[in-house]
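Asks: Quick note on UniProt numbering: the sequence shown kicks off at 1 and runs consecutively. C-beta: ideal position from N, C-alpha, C; glycine also.
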Amino acid sequence: MKAAYGKGGAGIDAVEIREIDDPSEPGPGEALVRLTAATLNYRDLIMVKGLIPGLAKEPEFVPLSCAAGVVTSVGEGVNRVAPGDRVSPLFAQGWIDGPPDPQRMLGGSMDGVARNAGIFDAESLVRLPDTLGDLEAATLPCAGLTAWSALFAVRPIKAGEWVLLQGTGGVSIAALQWAKAAGAKVAITSSSDAKLARAKALGADVGVNYRTESDWPGAVREAIGGGVDILVDVVGTGAIEESAALLNEGGIVAGIGMLDGTFSWGKDEEIGHMIARISVGNRGAHEAMLAFAAAHAIRPVVDMVYDLDRLVDAMHHLESGGFFGKIGINLL
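(1) Does the region 99–115 come close enough to the region 145–159 that 3 or more CB-CB pairs lie under 8 Å?
(2) Give me the DSSP bridge partner(s) of Pro89.
(3) Check whether the Cβ atoms of Cys66 and Thr36 lie closer than 8 Å to each other.
(4) Relative to the C-alpha of Asp134, which candidate in Asp13, Asp85, Ser172 has its C-alpha closest?
(5) DSSP on Ser73, reduced to helix/strand/coil?
(6) If contact is defined by three or more beta carbon pairs under 8 Å, each pair taking one atom from either stretch, is the region 261–272 in contact with the region 286–302?
(7) Taking the alpha carbon of Pro89 as the point to measure from, which residue in Pro99, Ala31, Asp313, Gly255 has its own alpha carbon closest?
(8) In this structure, how does DSSP classify Trp162 when only helix, strand and coil are distinguished?
(9) Tell me which residue opens and which closes the beta strand (DSSP E) that Met190 is part of.
(10) Among Lys2, Phe61, Val113, Trp95, which residue has its Cα nearest to the Cα of Ala285?
(11) Output the residue ranges of the beta strand (DSSP E) runs that lie fully inside the region 226–259 and measure 3 residues or longer, sorted by chain position.
(12) Is any heavy atom in the ligand FAD found nearer than 7 Å to the beta carbon of Ile188?
(13) How is the beta strand (DSSP E) around Gly207 delimited, first residue to last?
(14) Which of helix, strand or coil does DSSP assign to Ile275?
(15) With a threshold of 16 other CB atoms inside 10 Å of the CB of Leu332, please say whether the residue is buried or exposed.
(16) Measuring alpha carbon to alpha carbon, tell me which residue in Gly281, Gly225, Gly29 is nearest Asp97.
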């Protein structure tokens with residue numbers, strides 16, 4: 001079978017696709033999964049570029065954390081899944097409840113899913129609803145679940161309330177879909193009018209181009225007639241003060257990303273609002289998200305799909321920012 005290998009800090013172009021032996025039979029408590037589809041996250045660039053040193057397994061690792069596939073065999077004592085089940089591995093293996101274990105995160109401290117098959121902890125697999133295709137389901141373990149936690153884990157969004165989203169990447173577009181299904185209203189920013197048009201087609205109520213609008217926060221406030229209740233912060237410190245100024249009293253920042261280089265975590269006093277540190281989610285949250293997606297017929301957005309052999313090209317595409325929603329990887 002084929003698998004990708006990267007080295008933390010070596011960069012995108014150092015990622016290699018290799019022919020390796022098929023996995024052995026699963027042991028007790030394990031399941032062998034034939035992986036069919038994966039998707040990229042900004043976190044994958046963090047790992048191969050070494051932007052946060054020490055996170056990636058040494059001396060090399062299989063990248064990517066989000067995938068879907070089919071169970072082909074199970075080890076002794078496994079009753080959670082059975083051969084033939086369509087599943088996704090949890091982003092944080094073993095995170096059933098309580099805090100996550102930073103040593104068991106796919107595509108970083110553990111080998112990830114950029115491969116044709118893998119053996120996983122059976123308790124760290126979730127069964128997929130028939131309403132989701134494999135590529136769609138593969139958008140959810142990291143970006144989709146992070147967006148879910150941003151909206152429902154700390155201060156659950158209510159129907160009629162406003163959410164502010166930054167950009168049109170995987171987390172923001174998933175948050176758009178979750179928020180609209182929950183009856184909330186969404187304001188979204190982007191540097192691209194074309195992307196804003198696509199977001200509005202998905203249900204966004206307000207779209208503002210932060211490059212052409214010199215006072216984009218003012219444009220958002222005027223368009224919605226007030227402030228927002230949850231800011232889904234994927235940018236980090238670079239835009240936190242401007243964005244947080246739009247929050248209503250009691251509103252929160254769901255602190256997720258560092259596209260600007262540093263997280264906004266710890267800036268609570270400076271902005272006068274709570275910044276919740278959002279870290280994906282556990283198995284129960286993942287299953288609740290899947291049930292919600294099925295109940296509301298939500299179809300996650302995959303913008304472009306590359307074969308595994310072209311993973312380097314896919315990562316450069318991710319780096320460019322020239323995509324909407326998610327970039328998929330075909331593992332068949």
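Replies: Concretely, from the data shown:
(1) Counting Cβ pairs under 8 Å, fewer than three are found: no touch.
(2) To locate residue 89, count along the sequence shown from 1; it is residue 89. Partner residues in the beta bridge of Pro89, as assigned by DSSP, are Leu125.
(3) Sequence index remark: in the sequence shown, residue 66 carries index 66 (1-based). Sequence index remark: in the sequence shown, residue 36 carries index 36 (1-based). When the beta-carbon positions are compared, Cys66 and Thr36 stay at least 8 Å from each other.
(4) Counting from 1 along the sequence shown, the entry for residue 134 is found at position 134. Across the set Asp13, Asp85, Ser172, the C-alpha of Asp85 shows the shortest separation from the C-alpha of Asp134.
(5) As a position in the sequence shown, residue 73 is number 73, starting the count at 1. Residue state, collapsed to three classes: strand.
(6) Judged by Cβ distances under 8 Å, the region 286–302 makes no contact with the region 261–272, as fewer than three pairs qualify.
(7) Numbered from 1 along the sequence shown, position 89 holds the residue referred to as residue 89. Minimum Cα distance to Pro89 is reached at Ala31.
(8) As a first step, residue 162 must be located in the sequence shown, where it is residue number 162. In the structure shown, Trp162 sits in a strand (DSSP, three-state: E or B).
(9) Residue numbering aside, residue 190 sits at position 190 when the sequence shown is read from its first letter. It is worth fixing the name first, because residue 190 is Ser in this sequence and not Met. Under the DSSP assignment, Ser190 falls in the beta strand (DSSP E) whose first and last residues are 185–190.
(10) As a first step, residue 285 is located in the sequence shown; it is residue number 285 there, counting from the start. The shortest CA-to-CA distance from Ala285 to any of Lys2, Phe61, Val113, Trp95 is the one to Trp95.
(11) With a minimum length of 3 residues, the continuous beta strand (DSSP E) runs that stay inside the region 226–259 are 228–233, 247–255.
(12) No copy of the ligand FAD appears in this structure; indeed no ligand is present at all.
(13) Mapped onto the sequence shown, residue 207 falls at position 207. In this chain, the beta strand (DSSP E) harbouring Gly207 covers 206–209.
(14) Taking the sequence shown and counting its residues from 1, the one referred to as residue 275 is at position 275. The DSSP-derived three-state label of Ile275 is strand.
(15) For this step, residue 332 is matched to residue 332 along the sequence shown. Exposed, by the Cβ-count rule.
(16) Counting from 1 along the sequence shown, the entry for residue 97 is found at position 97. Nearest C-alpha to Asp97 among Gly281, Gly225, Gly29: Gly281.
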